[in-house]
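Trainee: Pasting a structure here, questions to come.
Residue numbers (the UniProt record's numbering): 1 to 362.
This is how it looks when you write it as structure tokens:
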């Protein structure tokens, strides 16, 4: 029995070291440009599973051999920065009364124009009543039964300046702002349907550069999502291998486009020379990704700075990801960044943060 236990311990030590190494490697993969390493760049999607595996080893060692409980802790310490990107813990700090409220939301085409029992459009009521100073919408095009003019009239009554860019080159982009809008430009990059909109806003005496993004999506069909769930539920299924290859091919193709897209956004930000910068939207990438890695090289993640927990923003059962993000320059201090789970109408939840000019910028 002692021999069997000794063999189990030795094998478990090797497995723990491997799990720690793979967790670290997943984090490092976020630095690889998917335009060159499209398949390797997908490794970051496995980060939460490997993190759970390392946590499981803590309990394993507590039961079988407490002398090795340090192994998973050392492994996670090597990846602590990536862990904090994925699941930050911050002391709650209430936002100042004069802070700006920013809301970014992929509305799935205004929830496809669905009405509630009272005959109202709940997603439109939510936006108009949000009291956000800046609203960035992705997939904000109104469906046929909900005219854009009606949407704009509701938002105008709520006190918003309205800007959209629909030049036929990419998905129309929408920004509603209570701050004066100075200019609107599309950031040029290759995409099948997605896009990024650069908007300049007047904030006191300063000009704010706001970039609303909807980077290349995986374009998974309902059938693809069903295949994914089947793979997770039964990896021994006879179709699991072929389904996995097909999903990886599709996801790698989207990642290959997102790399240059986020590079274009960051180049635009750097060339603008603006101190007050906000980059937000549906990046279609997890916190452990090239997109977030690149933006973090110049900006700060609002969720990392003032959010808590996983912040899962994709509203689909079985798909537990945070793919909506807000990044800001050092000009801003963020407060109470969170995902609003009270807004269930789209396949995303909105992300909200409060922004105030940093004292050192005064």
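Quick reminder that beta carbons are idealized off the backbone N, C-alpha and C, glycines included.
As the structure is a prediction and not an experimental result, all values here were calculated from the model.
#1: Taking the continuous alpha helix (DSSP H) assigned at residue 13, which residues delimit it?
#2: Among the residues of its own chain, which have a CB less than 6 Å from the CB of residue 203, if the five just before and after it don't count?
#3: On the premise that residue 75 lies in contact with residue 54, defined as a C-beta separation below 8 Å, what is that separation, rounded to the nearest angstrom?
#4: Taking the beta strand (DSSP E) that residue 163 belongs to, which residues open and close that run?
#5: Would you call residue 70 buried or exposed, if buried means 16 or more other Cβ atoms sit within 10 Å of its Cβ?
#6: Within 10 angstroms of its Cβ, does residue 303 collect 16 or more other Cβ (buried), or is it exposed?
#7: In three-state terms, what does DSSP make of residue 326?
#8: If you drop the 5 nearest sequence neighbours on each side, which residues of the same chain put their C-beta closer than 7 Å to that of residue 288?
#9: On the DSSP letters alone, give me the boundaries of the beta strand (DSSP E) that residue 288 sits inside.
#10: How do the stretch 178 to 198 and the stretch 147 to 155 stand: do at least 3 beta-carbon pairs fall below 8 Å, yes or no?
#11: Of the residues 295, 225, 268 and 298, which one's Cα is nearest the Cα of residue 347?
#12: Closer than 8 Å by C-beta to residue 93: which residues in its own chain qualify, once you throw out the five before and the five after it? Chain order, please.
#13: So, with DSSP's three-state summary, where would you put residue 134?
#14: Sort 212, 350, 17 and 345 by Cα distance to residue 187 and report the nearest one.
#15: Do you know whose CA, among 338, 32 and 222, lies nearest residue 317's CA?
#16: Tell me which same chain residues have a C-beta within less than 8 Å of the C-beta of residue 21, skipping the five on either side of it?
#17: Could you say which of 66, 193, 266 and 138 lies nearest to residue 323 if we only look at CA atoms?
#18: Helix, strand or coil for residue 125 per DSSP?
#19: DSSP three-state label for residue 347, please.
#20: With DSSP as the reference, label residue 363 as helix, strand or coil.
#21: Can you round the beta-carbon distance between residue 175 and residue 110 to whole angstroms, since I take them to be within the 8 Å contact cut?
#22: What are the boundary residues of the beta strand (DSSP E) that residue 40 is part of?
#23: Reducing DSSP to helix, strand and coil, say where residue 186 ends up.
#24: Assuming residue 102 and residue 353 are in contact, meaning their beta carbons sit under 8 Å apart, how far apart are those beta carbons, in whole angstroms?
#25: Assuming residue 251 and residue 290 make a contact with CB atoms under 8 Å, what is their CB distance in whole Å?
#26: In chain order, which alpha helix (DSSP H) runs of at least 4 residues are fully inside the stretch 78 to 113?
#27: Compare the Cα-Cα distances from residue 253 to each of 192, 298 and 57 and report the closest residue.
Mentor: Walking through what the data contain:
#1: Note, residue 13: alpha helix (DSSP H), 2 to 28.
#2: Excluding residues within five positions, the ones whose Cβ falls inside 6 Å are 179.
#3: 6 Å
#4: 161 to 165
#5: exposed
#6: buried
#7: strand
#8: 26, 27, 30, 44, 47, 82, 85 and 86
#9: Here residue 288 belongs to no beta strand (DSSP E), and DSSP marks it neither H nor E.
#10: no
#11: Comparing alpha-carbon positions, the option among 295, 225, 268 and 298 lying closest to residue 347 turns out to be 225.
#12: 306, 335 and 336
#13: Here residue 134 sits in strand by DSSP.
#14: Nearest of 212, 350, 17 and 345 to residue 187, Cα basis: 212.
#15: 222
#16: 75
#17: 138
#18: helix
#19: coil
#20: There is simply no residue 363 to check, as the chain begins at 1 and stops at 362 in what is shown.
#21: Not quite, the Cβ-Cβ distance comes to about 15 Å (not below 8 Å), so this is no contact.
#22: Careful: residue 40 lies outside any beta strand (DSSP E) and carries neither H nor E.
#23: strand
#24: 5 Å
#25: At roughly 13 Å, the Cβ-Cβ gap does not stay under 8 Å, so residue 251 and residue 290 are not in contact.
#26: Here the runs fully enclosed are 80 to 86 and 108 to 112.
#27: The option with the nearest alpha carbon to residue 253 is 192.
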